[in-house]
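The working numbering numbers the first residue of the sequence shown as 913 and each following residue consecutively. We treat Cβ as the ideally placed atom computed from N, Cα and C, and that holds for glycine. Quick notes on the structure that follows.
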Amino acid sequence: MTKKEKGGRLDLQAKLDNGTIVNIEMQLRNEHNIEERTTYYSSKVIARETQRGTNYKDIKQVIMINILDYEMLGFDEYISETAVVLDKHREYEVLKGIKWYFIELPKFRKQHPDMNEKINQWLAFIDDYDRGLIKMAEEKNETLKKARLQISYLTGDEEVKRMQWLEEKWEMDRVSEVAYAKEEGKKELVKEMLKEKIDIETICKVSKLTKEEIEKIADTM
């Protein structure tokens, strides 16, 4: 789904065939907390996917992909991969269980990405900024083209009408359910009052029901 269709933030999670967990977040506004938040999210992802008694060796890798519509890092690269290394041996990577990626869309737009690379095809699609790049991406990537058609359907006039109808139907159903619950509650109240031998006139005043309606309820007891 492109930026225009998804609003301010998108959070998706998928599991690859090898068990690797990929969490994708897209953020339009710089809230100045992406580093802290993605660190926190990664720990929650592992905790959620790990059951009690799990062997540490069986914990799968987690990949956190942050797609940002603002510039974050002071480098030209628009895709940045992080690694945890030893302080005195920067060439030695440790703690490989979590990988963080930061993709900065403004930098992607400024460069001339190679549209033969699938990652750039999908970034053009997600960014939804340069129609020329999107067209090239769709020509080179049939899966992406199908995704675009699917989104066009989901956001087209007919689908909008269908969603509006579903919303109206849900509202009507909710109103109906509330009214039914109130009616059933009123009947139970009348039954309790009848059991207490309260006179019909008083029950009418309390329940706002007619004498005939109360008599019908009494017949069901």
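- For M976, DSSP records a beta bridge to N935, W1012.
- In the three-state reduction of the DSSP assignment, K927 falls in the strand class.
- I1031 and M984 have their C-alpha atoms roughly 20 Å apart.
- Within a 10 Å sphere around the beta-carbon of A1036 sit 16 or more other beta-carbons, which makes this residue buried.
- The distance from the Cβ of K927 to that of I936 is about 12 Å, inconsistent with a contact at the 8 Å cut-off.
- Relative to D1026, the option among P1018, Y1041, M1048, G1009 whose CA is nearest is M1048.
- With a cutoff of 8 Å on beta-carbon distance, Y990 and I971 are scored as not near each other.
- Excluding residues up to 5 positions away in sequence, I971, Q973, V974 lie with their Cβ nearer than 7 Å to the Cβ of G1009 in the same chain.
- When rounded, the separation of the alpha-carbon atoms in R1002 and D988 is 22 Å.
- DSSP places I971 outside any alpha helix (DSSP H), giving it a letter other than H or E.
- In the DSSP assignment, I946 falls within the unbroken alpha helix (DSSP H) covering 946 to 961.
- Under DSSP, I991 shares a beta bridge with I1015.
- In this structure, L1121 places its C-beta atom within 8 Å of the C-beta atom of V1102.
- Beta-bridge pairing by DSSP links V1006 to V996.
- Of all alpha-carbon atoms in D981, I1046, D1040, the one lying nearest the alpha-carbon of N1028 is that of I1046.
- Boundaries of the alpha helix (DSSP H) around R1043: 1043 to 1052.
- Excluding the 5 residues flanking it on each side, T994 has same chain C-beta neighbours closer than 6 Å at W1012, in chain order.
- Contact annotation: D1042 and R1021 have beta-carbon atoms nearer than 8 Å.
- M1105 and K1094 have their alpha carbons spaced roughly 16 Å apart.
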